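Numbering (this note's numbering), first residue to last: 7 to 736. Built from N, CA and C at the ideal position, the CB exists for glycine as well. Please read these numbers as outputs of a predicted model, since none were measured by experiment. Structure record follows, encoded as structure tokens.
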Ligand SMILES: Nc1nc2c(c(=O)[nH]1)N[C@H]1C(S)=C(S)[C@@H](COP(=O)(O)OP(=O)(O)OC[C@H]3O[C@@H](n4cnc5c(=O)[nH]c(N)nc54)[C@H](O)[C@@H]3O)O[C@H]1N2
Ligand SMILES: Nc1nc2c(c(=O)[nH]1)N[C@H]1C(S)=C(S)[C@@H](COP(=O)(O)OP(=O)(O)OC[C@H]3O[C@@H](n4cnc5c(=O)[nH]c(N)nc54)[C@H](O)[C@@H]3O)O[C@H]1N2
Ligand code: SF4
Ligand SMILES: [Mo]
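So this is what it looks like as structure tokens:
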């Protein structure tokens with residue numbers, strides 16, 4: 007910008023016709039910083055977003071979702087006043103009336119069924135302050151053990167695997183800036199180009215430096231198009247593919263023996279196991295040619311530096327924890343960790359997917375990654391909270407299991423903050439009937455959603471534009487987001503709402519905060535000495551240093567951009583752990599009736615269940631629900647491109663527009679999960695949970711696809727058969 011123009015701009019701002027706020031995109035884990043310009047020179051103020059060049063993470067980039075992210079927050083769809091459901095429709099009420107109603111409900115459920123009859127459902131979209139507060143609110147104000155959050159569906163498998171292998175779970179073990187130093191990069195089940203678009207230039211730089219990029223995905227994506235090698239795997243078979251790679255690593259000796267000797271436990275067992283792998287079997291089960299697996303192993307094995315990234319494609323399976331452990335096996339056996347350009351990363355999803363899983367929203371956790379069943383950890387927390395240790399409830403159950411508890415009539419009330427579980431859970435038909443059984447459902451949200459519609463009471467909360475707080479990005483960097491705008495209508499700050507409800511319950515003295523920073527100051531104490539230690543991080547430091555990486559145990563500590571330097575891991579003996587992983591298979595096998603595998607995921611222009619993006623026309627107009635299918639498979643089934651087809655699983659069925667794509671495997675179909683109601687693919691998905699992380703199997707279930715015409719006959723046959731069966735039974 008010229009000096010003249012700069013001067014002109016500044017004068018404009020001074021005259022208060024334009025305002026400039028620094029904020030950051032509310033969507034994915036990149037948390038790109040941006041400037042929000044407000045122009046009040048005409049009667050109707052206008053907003054515009056521009057990237058912030060000085061942001062070290064986005065490096066001054068924004069993707070389309072970021073550019074239009076302010077629209078949902080300022081639009082006419084904002085919830086502005088508390089709404090109470092009276093005879094099936096919502097009636098505006100005052101906050102006093104809303105709280106009076108809520109108090110009565112809470113008191114009556116608690117009296118009838120006890121404290122654990124209430125439940126709380128949180129989110130990885132919340133700031134660290136709110137995530138922490140929600141955990142405290144459940145345990146101290148409501149005194150219930152039943153809290154969990156949508157991150158259960160997001161990062162939980164990778165989190166469990168990292169904890170087991172490294173003794174700590176921090177998304178990326180290295181800062182993004184080190185990607186360009188990796189000679190080989192494996193992207194397994196991650197579609198960065200559509201899901202973290204502003205991260206792509208880091209990979210582009212690596213490629214320009216000569217790096218080889220391997221993508222593992224059952225279909226072609228914008229990310230795989232960029233790869234040197236694309237392994238088009240059958241959904242759910244990644245652990246077998248890694249076993250094949252480990253076999254090559256051992257046979258051709260790419261193992262870093264001295265590293266394994268000094269820093270890894272279980273190396274000998276894993277080596278013996280890897281030797282026994284049959285490559286023909288690997289090829290058969292994964293559907294990936296043997297020579298491609300050998301090539302991938304050689305590229306990674308021979309490279310002197312390398313990084314492995316996983317995301318939901320390999321994690322959202324009932325065997326997700328084991329699969330991620332196998333990817334970590336690969337990293338540890340080659341010693342590619344703890345050094346420049348060497349590491350592992352689970353690419354965090356939601357804006358605060360990382361911080362959201364550290365501070366006590368999980369059924370079994372307290373702040374700082376402390377465990378709710380560990381007496382020492384409970385004592386620490388009790389001291390910070392000023393309550394007795396035995397007052398802290400025990401371990402609850404995972405997100406999907408909360409709904410099962412409703413059906414079992416163990417949970418009778420729920421408060422949801424920052425999630426749309428009716429669309430995002432697997433097997434949503436069960437979720438809806440479970441919510442129907444509740445005495446009451448309260449949702450604190452900013453927009454109408456499929457879940458909000460089912461609420462008995464809606465409390466209008468705050469968006470990223472109105473609320474200050476910290477977020478921890480995919481690198482583990484804690485960053486500060488300032489408030490930019492005033493709340494609309496009667497809406498209140500989410501954290502204040504939680505404090506007010508606590509006050510209502512006579513627990514106000516435990517929630518005395520005046521600002522978000524006050525909550526953060528308590529969070530620092532709560533996490534001190536824990537695994538995710540934030541004790542040394544302050545709002546001031548974050549601002550001065552453009553973010554601080556945890557662990558950061560004291561104010562003089564510089565923070566930890568790179569983990570495990572010198573092969574020092576977080577288990578007591580300082581070593582990491584590897585273990586043989588048997589091939590994991592999808593829980594629901596295909597058969598004659600349901601011959602195709604359905605996998606689900608995302609597209610560039612929509613975010614999650616679409617609540618925030620479907621109402622933004624600039625984003626919504628570019629896409630509609632679809633079923634991606636290989637033309638060969640589609641033609642066999644008599645489908646026509648861009649015309650409707652029926653897709654059925656054992657749990658439900660729906661109609662979607664077919665999208666022919668030669669890039670997807672012939673035995674597999676893909677549907678994004680961004681739409682609700684009849685267009686929600688989670689009517690079909692399988693609620694089989696990983697036994698360790700309780701992650702549902704979102705990424706593989708057996709389905710049948712039929713052309714609408716042909717289907718009509720089949721389903722009629724089905725109906726006929728069922729009627730005959732029924733008449734025989736009766
Ligand atoms: N545009 C957009 N960006 C987002 C989001 C969004 O909703 N929209 N959500 C954010 C959140 S919360 C998250 S968690 C992340 C998710 O980010 P990703 O995990 O990258 O996204 P997905 O599309 O769910 O899955 C990634 C890829 O896994 C592939 N896949 C499916 N099954 C398998 C399998 O069995 N094995 C392998 N190897 N691959 C498989 C899919 O084909 C897909 O291309 O994105 C974040 N960013
Ligand atoms: N089939 C299938 N299902 C999936 C997945 C998949 O890949 N396939 N992915 C899973 C994953 S990884 C995730 S993370 C989940 C996401 O699932 P959800 O969390 O259910 O999806 P969102 O659309 O992000 O819902 C967020 C809601 O919270 C509100 N909200 C957001 N931020 C705030 C806030 O700060 N304050 C308040 N008061 N409200 C807020 C929004 O308005 C919206 O209504 O879906 C999971 N479900
Ligand atoms: S969606 Fe993610 S990549 Fe896009 S602008 Fe927002 S934070 Fe950045
Ligand atoms: Mo996620």
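If you measure between the beta carbons of residue i and residue j, is that distance less than 8 Å?
i           : j           : result
residue 302 : residue 220 : yes
residue 242 : residue 590 : yes
residue 434 : residue 686 : yes
residue 188 : residue 362 : no
residue 700 : residue 158 : yes
residue 639 : residue 706 : no
residue 634 : residue 225 : yes
residue 171 : residue 244 : no
residue 2   : residue 452 : Only positions 7 to 736 of the chain appear in the structure, and residue 2 is not among them; the question remains open.
residue 496 : residue 555 : no
residue 605 : residue 674 : yes
residue 292 : residue 240 : yes
residue 124 : residue 80  : no
residue 36  : residue 358 : no
residue 63  : residue 38  : yes
residue 504 : residue 143 : yes
residue 191 : residue 251 : no
Quick one: what does DSSP say residue i is sitting in, helix, strand or coil?
i           : result
residue 408 : helix
residue 348 : strand
residue 24  : strand
residue 153 : strand
residue 600 : coil
residue 548 : helix
residue 343 : coil
residue 30  : strand
residue 704 : coil
residue 525 : helix
residue 710 : strand
residue 329 : helix
residue 655 : coil
residue 534 : coil
residue 584 : coil
residue 694 : strand
residue 505 : helix
residue 403 : coil
residue 664 : strand
Count the other CB atoms within 10 Å of the CB of residue i; is the residue buried (16 or more) or exposed (fewer)?
i           : result
residue 462 : buried
residue 200 : buried
residue 82  : exposed
residue 109 : exposed
residue 732 : Here the model assigns residue 732 a pLDDT of 37, short of 50, so the residue's position is not dependable and the matter cannot be decided.
residue 48  : exposed
residue 562 : exposed
residue 223 : buried
residue 290 : exposed
residue 725 : Caution applies to residue 725, whose pLDDT of 39 falls short of 50 and renders its modelled position unreliable; the value that the coordinates give is listed next. It counts as exposed.
residue 60  : exposed
residue 439 : exposed
residue 2   : Limits of the chain in this structure are 7 at one end and 736 at the other, which puts residue 2 out of reach.
Rounded C-beta distance between residue i and residue j? I'm assuming under 8 Å.
i           : j           : result
residue 691 : residue 676 : Not a contact, Cβ separation roughly 13 Å.
residue 609 : residue 629 : 6 Å
residue 355 : residue 34  : 7 Å
residue 128 : residue 140 : 5 Å
residue 625 : residue 74  : 6 Å
residue 67  : residue 207 : 7 Å
residue 155 : residue 367 : 4 Å
Entirely enclosed beta strand (DSSP E) segments - the stretch 250-318, minimum 3 residues: 312-316
Considering only residues of the stretch 176-264, which uninterrupted alpha helix (DSSP H) runs meet the minimum length of 4 residues and lie entirely inside it, listed in chain order? 198-201, 206-214, 244-257
Start-end ranges of the alpha helix (DSSP H) lying completely within the stretch 416-489, minimum 4 residues: 427-430, 434-442
Please go through the stretch 345-392 and give each complete beta strand (DSSP E) segment of 3 or more residues, from N-terminal end onward. 348-352
What runs of the beta strand (DSSP E), each 3 residues or longer, lie entirely inside the stretch 37-122? 39-45, 52-57, 89-92, 95-98
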